[in-house]
Structures are given as C-alpha cells and as structure tokens.
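Using my numbering, read the sequence shown as starting at 128 and increasing by one per residue.
Ideal placement from N, C-alpha and C gives every residue a C-beta, glycine not left out.
Owing to the predicted nature of the structure, the values given are computational and were not obtained by experimental measurement.
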Amino acid sequence: ANGCTKTDDVIVTVDNILPILIIENPIPVCSPSTVVITINTVQTTNNGITTKYYTTLDLANSGGLSDVITPNAINQSGTYYIRSEFTNGCFIVKPVIVSINSCSIALVKKADLNNTGNCTSVGDKIKYIFNVTNLGNTPIKNITITDPLFTAPNPIVAIVYVSGDTNTDSNLDVNETWIYNSTYTITQNDINTGTVTNQATVNGKALDNVNISDLSGATTSDNNSTVTQLCQSSKIAIVKTNSTQAGQNGC
Numbered sequence: 128a129n130g131c132t133k134t135d136d137v138i139v140t141v142d143n144i145l146p147i148l149i150i151e152n153p154i155p156v157c158s159p160s161t162v163v164i165t166i167n168t169v170q171t172t173n174n175g176i177t178t179k180y181y182t183t184l185d186l187a188n189s190g191g192l193s194d195v196i197t198p199n200a201i202n203q204s205g206t207y208y209i210r211s212e213f214t215n216g217c218f219i220v221k222p223v224i225v226s227i228n229s230c231s232i233a234l235v236k237k238a239d240l241n242n243t244g245n246c247t248s249v250g251d252k253i254k255y256i257f258n259v260t261n262l263g264n265t266p267i268k269n270i271t272i273t274d275p276l277f278t279a280p281n282p283i284v285a286i287v288y289v290s291g292d293t294n295t296d297s298n299l300d301v302n303e304t305w306i307y308n309s310t311y312t313i314t315q316n317d318i319n320t321g322t323v324t325n326q327a328t329v330n331g332k333a334l335d336n337v338n339i340s341d342l343s344g345a346t347t348s349d350n351n352s353t354v355t356q357l358c359q360s361s362k363i364a365i366v367k368t369n370s371t372q373a374g375q376n377g378c
C-alpha cells in the first residue's frame, strides 16, 4: 500500500526434459537378410531408460507393449517407430525406415547349331545367346557371365554384350533384359560324344556390395544345363586288295 516491494528468489524445477534419440536409417539389404534396429548404428544417440519398438505412430505414442516382436531381426520393409522413455514418463518417438529388397537375377541360355552340311562336321558352329534379366526390385551392376565352354583348356572366346541397357546407365534395371552372345566351334571329340553340354553363370552386385548370381537354364525359373544334340554320320569303308601273282603255268 505504501509503494514498497519485496523480492524473493524462486526456484523452478522443470521435470519434463525429453530423452535424446537420434536415428540413422539402416542400410538396405537383400532378402533373406534381416535388419537390426536395436544397435547403435541405428540409434546413434539414445539416453532413455526404456526403449520400445512399434509398427505405427499411434501405438508408439500410446506406449503399450512393443508390437515389434523381433526388432533385432526385421524381415519386412516399412517404417517402424522407436520410443525412448524416462522413468518419469517423458518420452520421444522417432521413425526408422527399413528397406529389404528382392535382389534376383536370371540367366537363360539358348543354343543354335549351324551345320554346314547334311550332318555335323568338325569346325561347325554353335551360336549361344545369353539373356540376363533382373527379376528383383533393385538395380544390379557389374554384370559378368562366365562359361567353362569358352575358357581354357578350350579356346578362349569372349561373351559379348549385344543390347538391353535401354537407358545406358550400365545398371541392369528392374525388368530389363540384357542380351549377350558367343560362338563355339565343334571338335571331333564333340562329334564322338554326340552332344555339347555346358552351363554358364552370371554374377552381379545389388545395393553396391551384395553379390548375387544365377546358373543358366532354359527359362528364368530353372537351372538346367544347355544340351545341344549333334548329328553323327557313321561311315565305314572296306577296301580289299589281292597281292597273289599267277605263276608261269597259270598256277
């Protein structure tokens, strides 16, 4: 009333500091590999007392039991939610994106025998056509095809890329098919055997560092060796000579 004032110190305690949770999305993987979201490469910082894992943001905010049963072995792509809690009830929720890809490549090999005559002869050719298809959902790079038919001790012959990289990005993109070919020269041993049988292998890398491969087959869904039947013409000749000389008396 007299215009005088009095000041006292007041201590205010704020007890609603949130946990610190910093998330780094895990690197994509190829199925059947799984992803771990409990490790410190994903949770680069987490000072909470309790950590829980959820499939939806609503569940994470509610704070019930974790509905992600195996956060150390997730096998489905999607956005998951990590909840970090203090004992006083303060919490923070952060999303983590998991990417599990189908990384699949298929090699189909076909043979075209070219006989120069009525039957197969030494020196005739088999033209092989290799179709490499990306059956997965992520690009594949560093495509190579190997075939023991075209390596030592046989004559070394290149397997040559023909076409298929439609956008010229050097990646075998999803649903792309690259075509290669090579030519094999028939030997006498092949003719004696009656067939030329062999199988090629395609290799590539998905997601930069995941090796994938496939054995060649007649279709994208099998790994059957390529068998080329050769025409065999059997011939035999008998030459008979007589070295007997007649005597003077005709005997």
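Counterpart residues of residue i in DSSP-defined beta bridges
i: K236; result: F257
i: K179; result: R210
i: F218; result: E212
i: L299; result: I267
i: V354; result: T324
i: Q170; result: I150
i: N241; result: K252
i: I227; result: V156
i: T347; result: Paired residue(s): none; T347 is not in a bridge.
Integer-rounded CB distance, given that residue j should sit under 8 angstroms from residue i
i: N325; j: T353; result: 6 angstroms
i: L234; j: A327; result: 6 angstroms
i: N174; j: P146; result: 6 angstroms
i: D300; j: N269; result: Not quite, the Cβ-Cβ distance comes to about 14 angstroms (not below 8 angstroms), so this is no contact.
i: V323; j: T355; result: 5 angstroms
i: S229; j: G263; result: 4 angstroms
i: T197; j: N258; result: Incorrect: roughly 39 angstroms between the Cβ atoms, too far for contact.
Residue of the options minimising C-alpha distance to residue i
i: T312; options: T260, L276, I224 and D335; result: L276
i: L148; options: V163, E212 and S189; result: E212
i: V329; options: G321, N316, D317 and Y307; result: Y307
i: I176; options: V137, Y255 and R210; result: R210
i: I201; options: V284, P153 and Q356; result: P153
i: I339; options: P159, I144 and T132; result: P159
i: K332; options: I144, T161, T197 and I232; result: I232
Host beta strand (DSSP E) of residue i (start-end)
i: L148; result: L148 to I150
i: I318; result: Looking at the DSSP string, I318 is not in any beta strand (DSSP E); the run it does join, the alpha helix (DSSP H), is Q315 to T320.
i: A333; result: T328 to A333
i: V289; result: V287 to S290
i: Q203; result: Careful: Q203 lies outside any beta strand (DSSP E) and carries neither H nor E.
i: I339; result: V337 to L342
i: N308; result: T304 to T312
Residue i - containing alpha helix (DSSP H), residue span
i: S189; result: L184 to S189
Query raised in the report: Counting Cβ pairs closer than 8 angstroms, one from the stretch 159-169 and one from the stretch 235-249, do we hit at least three?
Result: No: the two stretches stay apart, fewer than three of their Cβ pairs being nearer than 8 angstroms.
Query raised in the report: Between the stretch 214-229 and the stretch 274-294, do at least 3 Cβ pairs fall closer than 8 angstroms?
Result: Taking 8 angstroms as the limit for Cβ pairs, the verdict is that the stretch 274-294 does not touch the stretch 214-229.
Query raised in the report: Touching or not, the stretch 173-188 and the stretch 200-208, by the rule of three or more beta carbon pairs under 8 angstroms?
Result: Yes, since at least three Cβ pairs between the stretch 173-188 and the stretch 200-208 fall closer than 8 angstroms, the two stretches touch.
Query raised in the report: With a cut-off of 8 angstroms, do at least 3 Cβ pairs link the stretch 300-312 to the stretch 261-278?
Result: Touching, yes.
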